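K.L.:
Under numbering that gives the first Met the number 0, the residue at position 81 of the sequence shown is numbered 80, and the numbers go up by one with no gaps.
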Amino acid sequence: MDRQRIGLWGTVIFAGAALVGVIVQLYLIGAFLFDGEQDWLDAHKDFGMLVHLAYILTFVFALVAAWPNWRLATWPFVLAVLGSIQAFLAGGGDVGGDNGGVHALHAALVPIVVVLALFIGWRAWNQVRAMPDVTTNDTARS
């Protein structure tokens, strides 16, 4: 497998992981809001670190796939930056505290990162499918 194919597959996998992670995050914060138990918020915070890692790894694998044409990694870079901003806006998880507006912005970025991750994953998947098959037949091996 060549570098570009590995990078594209990693981009597809981690963009997909980010999408699934955001859905799990929405469930966890919803459970906290309707149940009120601190365990839900703790799970939301802890799992959020993994989702943030998925944003970063999407960008890293997009860099591997795009080398040396860096402009192809622009949208994954935007995803990593917005995901990082979203993580820092969480600000310790004082939900409903003095920084309600900051938390609202944290939540407002959710649809943006979902659309970006979906777009990035879909684009990388289409690039993988468009690549020529690299398998060799048995006669070429002998």
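From the three backbone atoms N, C-alpha and C, an ideal C-beta is built for every residue, glycine too. Note that the structure is a prediction, hence the values are computed from the model and not measured.
For my contact list, Gly6 and Ala53 are in at a C-beta cut-off of 8 Å; report their separation, rounded to the angstrom.
P.N.:
Going by Cβ atoms, the distance from Gly6 to Ala53 rounds to 15 Å, so no, they are not a contact pair.
K.L.:
Are Ala105 and Gln126 touching if we call contact CB-CB under 8 Å?
P.N.:
Looking at the sequence itself, residue 105 is His, so the reference to Ala does not match. The answer is no: Cβ separation not under 8 Å.
K.L.:
Is it a yes or a no for the region 16-27 touching the region 37-57, going by three-plus beta-carbon pairs under 8 Å?
P.N.:
Taking 8 Å as the limit for Cβ pairs, the verdict is that the region 37-57 does touch the region 16-27.
K.L.:
Would you list, in sequence order, the uninterrupted alpha helix (DSSP H) runs of no fewer than 4 residues that lie entirely inside the region 105-132?
P.N.:
Qualifying alpha helix (DSSP H) stretches, in chain order: 109-129.
K.L.:
Could you tell me the boundaries of the alpha helix (DSSP H) in which Pro75 lies?
P.N.:
Note, Pro75: alpha helix (DSSP H), Thr73 to Leu88.
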